[in-house]
RNA sequence: GCCGCCUUAGCUCAGUCGGCCAGAGCGUCUCACUCGUAAUGAGAAGGUCGAGGGUUCGAUUCCCUCAGGCGGCUCCA
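Numbering (this note's numbering), first residue to last: -3 to 681.
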């Protein structure tokens, strides 16, 4: 989900805080807003650190005022809201122990150790309490705890907080920056003070900063409960996590909730059923899709176009089997490294004598989780010359991965899927150019499908890796160079590489601002040696090729799911399963439309004539819901004039268009693979 | 794999605090209607209430196990 645009794009105002006075006073004196969506909630000091408005520096300092409607401002509101949630939970469930409660993208959460998981009714009750707390205008008050022992004494009833204090005091190697509880240098507690009596109502170990009072949390909503492992490890106990969201105004909250509703409407699992594209029959198994005819047409159109582009870019097409002997995956390393993610082996060919003794041991076959080992076999099938390089092998290769039951999710995370997989074998001096071209190819192809907003991650050597660190460095540098030449914005994701290769991941942002990881490019460091691959160079020496793994869609199923959501099911006309529907006003006009359909079909256009006995209005409704891009109506006037009337899925219409011009316009629109949804104002006949 | 929730007709969902033939809308089928830009009318068919086991005189309803789904966590070659 995307962060909403800050309301004010103007640079943050700066104010000078005089020594001994508070940031809040300076902000007030400068006349900056103290309430409303652009209220200043914290300030940023010259070191970039966010500070409470009650912060009082020892020397004069210029700070930046941080408004509620900025990313940082929302983060502070959300974090404060998490505190309010925790206070409400401990009011309602006094035995609840606190975990952590940080802001996250678009919201916040807080983890609790409770005997019974929270119910939806609990959430309602908690929201009510939170509203009371917020109304009570409690002050967030920062207090430095003098020593670790003091902190432990004060937090004696909070075992998880004690653990955090221990980690902080005993082990500086643990990165606690993600944990909002403990800051750098000193331990602090934020007290919630009653505004009248000044009495401490609640408190939490926290590095801050916070909004001045709970009243500065203008709008929030608790969204769901879920379990989460303490400190993210499955070896730790599970806590109950409550998720919520908080915003600078009710309007911003509503916009966010509307975005969530829109995402739900676009959910490819829902649209997949409504548009009759695919299904996941229980009888087949979780994460294994069957493609219905309409989904099949879209998929084939996607694949056909991709094939054509690959042909133009000098790829060679190969096919490989879905199962193989275990030995191949031992050579590749999969069985040693990722057996858990593979379907269990199929034991084959064992023979026993009459007594049951093994006469022939047999062996295990495995469903392939990746295509690469097969492509290595193709390279190895004969001697290779430098003249053949770069050799680009391409396959729509279906792979099977044993995804854990809890992670299977429609087409975007399934157990059987098809990679548009390619392995490029090149000489070391070809690597950099090949990567650069490849990046341009990726972005070009994705753009043709209507995706326009890209970023990249360069994922470097992980903790668990194979190979020599030096070759990792070389490969990482080549990838980074390619990113620079392609001019793609990127960031480095340290330690996120695959165990055998550093990689570039391409992310796209969809129509409603969500980022999806799609393509991946990896410089392989292993397979050359593991499979003993060689080519003979111009100097007569046998050398190892470098191998680039790459998938553009990643998985066709997943890409299909993403495109479905990007277009909200209204696919571009060139991909739409039914591109044109003819709707006769009455039965007697059907014949005319059949003639039109025939001309369209002759151009390869997918067209139907709806001769059912629904009324014309009902047919329009049906085909609009089915997101058909072109509806052609014909009644007496059209038949007489040798014309048709266009109705588009957005409701616009153009009447009385001569048939040959209508056919030509539709054909032209589809042939140029226009991704926009056709509409009356896009056509002049 | 872990935690919670869910599973009633093809779809979306009522309902049964344990009790006669389990309901609606949409869809499907049949008949009538032949209509100018988002739902014509009438009728019919369709469910061992996810599966198995238990408690009970009686289970779709309560309990257990399993399967599948949903939301997270962990994982993601």
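From the three backbone atoms N, C-alpha and C, an ideal C-beta is built for every residue, glycine too.
CA-to-CA distance, residue 282 to residue 537, given in whole angstroms: 50 Å
List the residues that DSSP assigns as beta-bridge partners of residue 99. 104
Residue burial classification, residue 504 (beta-carbon count within 10 angstroms, cutoff 16): buried
Could you check the C-alpha separation between residue 228 and residue 644 for me, to the nearest Å? 50 Å
Measure from the alpha carbon of residue 497 to the alpha carbon of each residue in 295, 522, 379, then state which is nearest. 522
Using the Cβ count rule (16 or more neighbours within 10 Å means buried), how would you classify residue 280? exposed
In whole angstroms, what separates the C-alpha of residue 508 from that of residue 559? 12 Å
How many angstroms separate the CA atom of residue 674 from the CA atom of residue 626? 7 Å
Under 9 Å between C-beta atoms of residue 292 and residue 271: no
How long is the line joining the alpha carbons of residue 681 and residue 421, rounded to whole angstroms? 51 Å
Would the beta-carbon of residue 338 fall within 9 Å of that of residue 398? yes
With a threshold of 6 Å on Cβ separation, who are the neighbours of residue 183 within its own chain once the five nearest residues in sequence on each side are excluded? 141, 147
Residues in its own chain within less than 7 Å of residue 94 by CB, not counting five upstream and five downstream? 82, 108, 154, 156, 157, 200
Got a sec, what are the start and stop residues for the alpha helix (DSSP H) residue 250 sits in? 246 to 262
Grouping DSSP H, G and I as helix and E and B as strand, with all else coil, what is residue 202? coil
Classify residue 391 as helix, strand or coil using the three-state DSSP reduction. strand
Going along the chain, which residues of its own chain have a beta-carbon closer than 8 Å to the beta-carbon of residue 434, five neighbours each way excluded? 420, 478, 517, 544, 546
Can you tell me whether residue 246 is buried or exposed? The criterion is at least 16 other CB atoms within 10 Å of its CB, across all chains shown. exposed
Which of the three DSSP states, helix, strand or coil, is assigned to residue 325? helix
What would DSSP say about residue 76, mapped onto helix, strand or coil? helix
Quick one: measure Cβ to Cβ for residue 395 and residue 415, integer angstroms, because I've assumed they're closer than 8 Å. 6 Å
Tell me which residue opens and which closes the beta strand (DSSP E) that residue 433 is part of. Taken as a continuous stretch (DSSP letters only), residue 433 belongs to no beta strand (DSSP E), being part of the alpha helix (DSSP H) at 427 to 444.
Which of helix, strand or coil does DSSP assign to residue 1? For residue 1, the predicted structure reports a pLDDT of 44, less than 50, and the residue's modelled location is therefore unreliable. A value from the coordinates is still provided. In the structure shown, residue 1 sits in coil (DSSP, three-state: anything other than H, G, I, E or B).
State the Cα-Cα distance for the pair residue 552 and residue 296, rounded to the nearest angstrom. 10 Å
CB-CB under 6 Å to residue 237, same chain, minus the five flanking residues each way: which ones, in chain order? 105, 107, 222, 224
Please state if the CB of residue 629 and the CB of residue 616 are separated by a distance shorter than 9 Å. yes
Supposed close pair residue 548, residue 438 - CB separation, criterion 8 Å: 5 Å
Please work out which residues of its chain come closer than 8 Å, Cβ to Cβ, to residue 266, disregarding the five sequence neighbours upstream and downstream, and give them in chain order. 260
Determine whether the beta carbon atoms of residue 60 and residue 8 lie at a separation below 9 Å. yes
Quick one: what does DSSP say residue 230 is sitting in, helix, strand or coil? coil
Does the contact criterion of 3 or more C-beta pairs under 8 Å hold for the stretch 86 to 100 versus the stretch 34 to 54? no
Do you know offhand how far residue 661's Cα is from residue 322's? 55 Å
Three-way DSSP call (helix, strand, coil) for residue 651 in this model: strand
Whose C-alpha, out of 306, 48, 195, 319, is nearest the C-alpha of residue 391? 306
Starting from the N-terminal side, write out each stretch of the beta strand (DSSP E) that is 3 residues or longer and does not extend beyond the stretch 558 to 639. 576 to 580, 603 to 605, 626 to 630
Report the three-state DSSP secondary structure of residue 679 (helix, strand or coil). coil
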